[in-house]
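J.: Residue numbers (the UniProt record's numbering): 1 to 72.
No residue lacks a Cβ here, since even glycine has one placed at the ideal position from N, Cα and C.
All of these numbers come straight from a predicted model, not from anything done at the bench.
Before I ask anything, here is the structure I am working with.
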């Protein structure tokens, strides 16, 4: 699926930039520890504002695309 199409269809209830809790929900309810591990390892690209992670929704979609390719 193209990134523009996926961006318009998936996660429409979420803002363009999400926090860690929202990212956990988007990834099927993963725990905070797993989420922070993904962010710190760089598997999901993010940036930090103050002391909090902010994750562009597009980066989560890119991560999900990587998972899809590796299991195929």
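In the DSSP assignment, find the beta strand (DSSP E) that holds residue 37 and state where it starts and stops.
T.: Within the chain shown, numbered from 1, the residue matching residue 37 stands at position 37. That residue, residue 37, is in no beta strand (DSSP E); its alpha helix (DSSP H) goes 32-41.
J.: Report buried or exposed for residue 39, applying the criterion of at least 16 other Cβ atoms within 10 angstroms of its Cβ.
T.: One-based indexing of the chain shown puts residue 39 at position 39. Buried, by the Cβ-count rule.
J.: Are residue 54 and residue 46 touching if we call contact CB-CB under 8 angstroms?
T.: Start at 1 with the first residue of the chain shown, and residue 54 comes out as number 54. Start at 1 with the first residue of the chain shown, and residue 46 comes out as number 46. Taking 8 angstroms as the Cβ cut-off, residue 54 and residue 46 qualify as a contacting pair.
J.: Taking DSSP's pairing of strands, which residues face residue 48 in a bridge?
T.: Walking along the chain shown from the start, residue 48 turns up at place 48. Answer is 53, bridged to residue 48.
J.: Between residue 14 and residue 57, how many whole angstroms is the CB-CB distance? I'm expecting something under 8 angstroms.
T.: Position 14 of the chain shown, counting from 1, holds the residue named residue 14. Position 57 of the chain shown, counting from 1, holds the residue named residue 57. Right, their Cβ atoms sit about 6 angstroms apart.
J.: Do you know how far the Cα of residue 61 is from the Cα of residue 8?
T.: Here residue 8 corresponds to residue number 8 of the chain shown, with the count starting at 1. Here residue 61 corresponds to residue number 61 of the chain shown, with the count starting at 1. One C-alpha to the other measures close to 11 angstroms.
J.: Answer yes or no: do residue 26 and residue 20 have a C-beta to C-beta separation smaller than 8 angstroms?
T.: On the chain shown, residue 26 is found 26 positions in, with the first residue counted as 1. On the chain shown, residue 20 is found 20 positions in, with the first residue counted as 1. Contact: no.
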